[in-house]
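Participant: I have a structure here, written as structure tokens, and I will follow up with some questions on it.
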Amino acid sequence: MSLNSSVRSAKNSKKLDSVPYPISLSSVPSYPAIKEPFDTLPNFINRDNRSELTKRSLTHWFKPPYPRQPQPKLSQGIDSSYGTSHCHPNILSLIGNTPLVKLRNIVPNPNVTVYAKMESHNPAGSVKDRPALNMILQARQRKILNPQTTLIEPTSGNTGVGLALVASVLGYPLELVMPENATSERSKIMKAFGAKVTLTPATHEMEGAIDYAHEKVNRLSNQYVMLNQFANPDNYLAHYLSTAPEIWYQSHNSITHFVSAMGTTGTIMGVSKFFNKHQLDVEIIGVSPTEGSSIPGIRRWPKAYLPKIFNETAVDKTCDVSIMQATTMARRLALEEGIFCGTSAGGAAHIAIEIASKIESGVIVFIVCDRGDRYLSTDLFTY
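So the sequence shown is numbered by numbering that gives the first Met the number 0: it starts at 0 and just counts up by one.
In structure tokens:
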């Protein structure tokens, strides 16, 4: 796709009313390279046989952000019907509907608008809250989980924190496997939610954590269930159903470029599927680390470990970012925009600003994957 966005924006402006909301999963596209492991995809719209907790979580989660529901007057008291007051039935109902924030000070082109999608505002602090909730709810609906089941999942941090939050609310024991060089804040948060944390050697990187979890599930299959975020369609479907339509409506159908760091790739796959399904002319840009760079939350996967949910045809362009570029931009976001975020968000923002300097006009949205407080034990904010 061309970087000149004036035609793209005009074409998209005619399509807002044609995009259904909420979305039926019966319309979710499937890329040929992705083999769905389940006979039928879950249907978020059909809420029969769901617990009240699940019903209310999903009702809130996929509620369109525009227009907002009117709030009751104080004299009316608190309405017990969900969605008409600020009282939420559980913490899970706060997942999703994150704000879109316009950058005011660091965008070099006055004809380009750059928005930050603040996934750091999810209750466990990252974009991974969405797939964590979806993967557990769908596994529960399929009766894969029971009270004796222990969930186990390899993670670099944020998915594990999201799973720990959801598992604590729904009552599932959880073991998380992560490289020992992950930031200490992550493991402390996981333990605070009651999860068991197993560390693998840093020299084996994320691949070592994946191998450990698979080996344990294969050896003790009657005790452990792995959701497998790297191959589970419920990962990207969370973003197809919520993140993408939120961005579409919040940007008032003006988005021309979407930028996301690529880790498990669930975010970029789900958002890309949504825009392609509804024929919205949005350029999808993935962000990966330069050769030799180690950036938390962004991976340059070896082919043997490439996430099975990833399909390269869903990404229009991949841009490399160095650890120095990602760090510098994360600091600039904090100092100049008041956005306190992690290194991967800094990398995505760097590419978004780079694109803004090259195009004539457009609307760019990048993902703020997590909060900066996850990195206080590192040198990220050591000026």
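Built from N, CA and C at the ideal position, the CB exists for glycine as well. Computed from a predicted model, the values in this text were never measured in an experiment.
Going by the beta-carbon positions, is the gap between L136 and I94 smaller than 8 Å?
Facilitator: No.
Participant: Identify which residue in E282, S250, K272, G371 has its Cα closest to the Cα of F257.
Facilitator: Of E282, S250, K272, G371, the residue nearest in Cα terms is E282.
Participant: Quick one: measure Cβ to Cβ for V165 and M189, integer angstroms, because I've assumed they're closer than 8 Å.
Facilitator: No, V165 and M189 are not in contact; Cβ-Cβ is about 12 Å, not under 8 Å.
Participant: What are the uninterrupted segments assigned as alpha helix (DSSP H) that are 4 or more residues long and contained completely in the segment 288–321, given in chain order?
Facilitator: List check, alpha helix (DSSP H) in window: nothing returned.
Participant: When you compare the CB positions of M225 and R298, do they come within less than 8 Å of one another, or not?
Facilitator: Their beta carbons are not under 8 Å apart, which means M225 does not touch R298 by this criterion.
Participant: Give the range of the beta strand (DSSP E) segment to which Y382 is assigned.
Facilitator: Run containing Y382: none; DSSP gives neither H nor E here.
Participant: What's the gap between the Cα of A329 and the Cα of A303?
Facilitator: Cα to Cα, the separation comes out at about 31 Å.
Participant: To the nearest angstrom, report how far apart E214 and T154 are at their CA atoms.
Facilitator: The alpha-carbon atoms of E214 and T154 are separated by roughly 15 Å.
Participant: Just tell me which of A355, A115, V362 has its CA closest to the CA of N108.
Facilitator: When each option's Cα is compared against that of N108, the closest is A355.
Participant: Identify the continuous alpha helix (DSSP H) that holds V216 and give its terminal residues.
Facilitator: Counting along the chain, the alpha helix (DSSP H) containing V216 begins and ends at 204–218.
Participant: Starting from V270 and walking both ways along the alpha helix (DSSP H), at which residues does that stretch end?
Facilitator: Element bounds for V270: 265–276.
Participant: DSSP beta-bridge partners for M177?
Facilitator: DSSP output for M177 lists L198 as bridge partner(s).
Participant: Exposed or buried, Q278, counting other C-beta atoms within 10 Å across all chains shown (16 or more means buried)?
Facilitator: It is exposed - the Cβ of Q278 has fewer than 16 other Cβ atoms within 10 Å.
Participant: Pull up the DSSP beta-bridge partners for A260, would you.
Facilitator: Note: A260 sits in a beta bridge opposite V286.
Participant: Does the structure place the segment 305–312 close enough to the segment 333–353 that three or more beta carbon pairs sit under 8 Å?
Facilitator: Because the criterion of three Cβ pairs below 8 Å is not met, the segment 333–353 and the segment 305–312 do not touch.
Participant: What do you reckon, are the CB atoms on A163 and L175 nearer than 8 Å?
Facilitator: In this structure, L175 lies closer than 8 Å to A163 by Cβ.
Participant: Near F274, which residues of its chain fall below 6 Å by C-beta distance, leaving aside the five closest residues on each side in sequence?
Facilitator: The answer, listed in chain order, is V281.
Participant: Apart from the five residues on each side of it in sequence, which residues of its chain come closer than 7 Å, Cβ to Cβ, to S119?
Facilitator: Cβ neighbours of S119 beyond the five flanking positions: S125, C340, V367, D369, R370.
Participant: Which residues in the same chain have their Cβ closer than 6 Å to the Cβ of Y211, if we skip the five residues on either side of it in sequence?
Facilitator: Hits under 6 Å: V176, T199.
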